[in-house]
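Residue numbers (the working numbering): 1173 to 1548.
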């Protein structure tokens, strides 16, 4: 939004007039003080015939007043010129900041002020502005990548569906049962992707009510819901830990846990895989930890798992691999709940994901000790 304002004096001109006015005021006060002193003391002028006393008023008008006027004019000119130069030097950093602001307003976020010199108010402002530009540039780049990836991911199932329909139209004798099954699979994937995008947007906006949530119950519900999928993959899921109360959205926190458990199931060992879900209270926070067995993962690959549409192709199964938004959604929900997400490869293979959230009610568990482990 552009704000229209009436034209006015520049800051440099205002500072110049302020400097000159202050100098004039100081000079005038000094001249007045000297004039008062001379008027009180009086002067003796000497002519050829001897000393003659002249009245103070006459002396002031004939001798001191013209000199005072000349000094005043000099102070005015000196104040204007010096104030203009000094104001320009003082306000030079603002010109660079203004230039950077205008470039940012046109969409150029790569420009930096990089104001040299020692630390002062202008340099603090310039450094803060550079930091803001760097953060904005990173966020814009991230959103552009996300938009491009989302467009690609959404276009893929639509293109596949169109191809299948075109094949069916060209070959009426084609097996409709197989076609319907493939269309159902593609459509399900498109719906899952759309729901994940909507969930990600909702978590980013933090538009949800907060209420007490026990992460241990959320973990149990997620494990029970995904029990059939775990059985299909031959994965054993164990849950244990303390009652861990936090404040947030039960639906979002359940989705967070479901994504972690689902991710741990489909990216596990081909046979006899294991998943351990633990909750704990580490005052003033509560912790949800999900560990799964699997292949050895290099740290540089693990660092990319929270990027949108990053599936970790080295460990992706052919089925139930998701849409590449699982851990991105987990990270967004965690940040929306003022928490931290940590991913680390396990020495024995697989992944350890730790979610740390602010505890509700001081972070104290309501029951002593962890309950017995539960396996599914």
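Yeah, the Cβ is synthetic: ideal placement off N, Cα and C, and Gly gets one too.
In the three-state reduction of the DSSP assignment, residue 1450 falls in the strand class, which pools E and B.
DSSP places residue 1281 outside both helix and strand once states are collapsed to three, so it counts as coil. Bridge pairing for residue 1530: 1457 [DSSP]. Between residue 1530 and residue 1418, the C-beta gap is smaller than 8 angstroms, which places the two residues in contact. The three-state secondary structure of residue 1510, taken from DSSP, is coil.
The beta carbons of residue 1407 and residue 1447 sit about 6 angstroms from each other, so the pair counts as a contact at 8 angstroms. Going by DSSP, residue 1478 is part of no beta strand (DSSP E) at all; its letter is neither H nor E. The beta carbons of residue 1388 and residue 1416 sit about 6 angstroms from each other, so the pair counts as a contact at 8 angstroms.
A buried status is given to residue 1265, since no fewer than 16 other beta-carbon atoms sit within 10 Å of its beta-carbon. Residue 1384: not part of any alpha helix (DSSP H); member of the beta strand (DSSP E) spanning 1383 to 1386, first to last residue. Short of 6 angstroms from the beta carbon of residue 1506, and not among the five residues preceding or following it, lie these beta carbons of its own chain, in chain order: 1513 and 1527. Residue 1344 sits in coil when the DSSP states are folded into three classes, being neither helix nor strand. In this chain, the alpha helix (DSSP H) harbouring residue 1426 covers 1422 to 1438. Residue burial annotation: residue 1450 is buried, with at least 16 other C-beta atoms found within 10 angstroms of its C-beta. A direct Cα-to-Cα measurement between residue 1461 and residue 1480 gives close to 21 angstroms.
Straight-line measurement puts the Cα of residue 1206 at about 18 angstroms from the Cα of residue 1194.
The Cβ atoms of residue 1192 and residue 1289 do not sit closer than 8 angstroms to each other.
Non-local C-beta neighbours of residue 1431 in its own chain, meaning closer than 8 angstroms and more than five positions away in sequence, comprise 1498, 1499, 1501 and 1502, ordered along the chain.
A residue is called buried once 16 or more other Cβ atoms fall within 10 Å of its Cβ, and residue 1421 is buried on that count. Looking at the backbone, the Cα of residue 1348 and that of residue 1358 are separated by about 15 angstroms. Residue 1407 has 1445 as its beta-bridge partners, per DSSP.
Here the alpha carbon of residue 1310 sits roughly 34 angstroms from the alpha carbon of residue 1453. Taking a contact as a CB-CB distance under 8 angstroms, the pair residue 1521 and residue 1465 counts as one, their CB atoms being some 6 angstroms apart.
The shortest C-alpha to C-alpha distance from residue 1201 to any of 1244, 1186 and 1405 is the one to 1244.
Taking a 10 Å sphere around the C-beta of residue 1330, we find fewer than 16 other C-beta atoms and assign the residue as exposed. A residue is called buried when at least 16 other Cβ atoms come within 10 angstroms of its Cβ; residue 1338 does not meet this threshold and is exposed. For residue 1463 against residue 1524, the beta-carbon gap comes to about 5 angstroms, under 8 angstroms, which counts as contact. Residue 1201 sits in a helix when the DSSP states are folded into three classes.
Residue 1282 and residue 1301 have their C-alpha atoms some 12 angstroms from each other. Approximately 51 angstroms separates the beta-carbon atoms of residue 1332 and residue 1298; this is outside 8 angstroms, ruling out the contact. As DSSP reads the structure, residue 1413 sits in a beta bridge with 1451. Ranked by how close their Cα comes to the Cα of residue 1433, the residues 1397, 1510 and 1274 have 1397 in first place.
Your pair residue 1459 and residue 1517 does not check out as a contact, with CB atoms roughly 19 angstroms apart and the cut at 8 angstroms. Around the beta-carbon of residue 1285, 16 or more other beta-carbon atoms lie within 10 Å, marking it buried.
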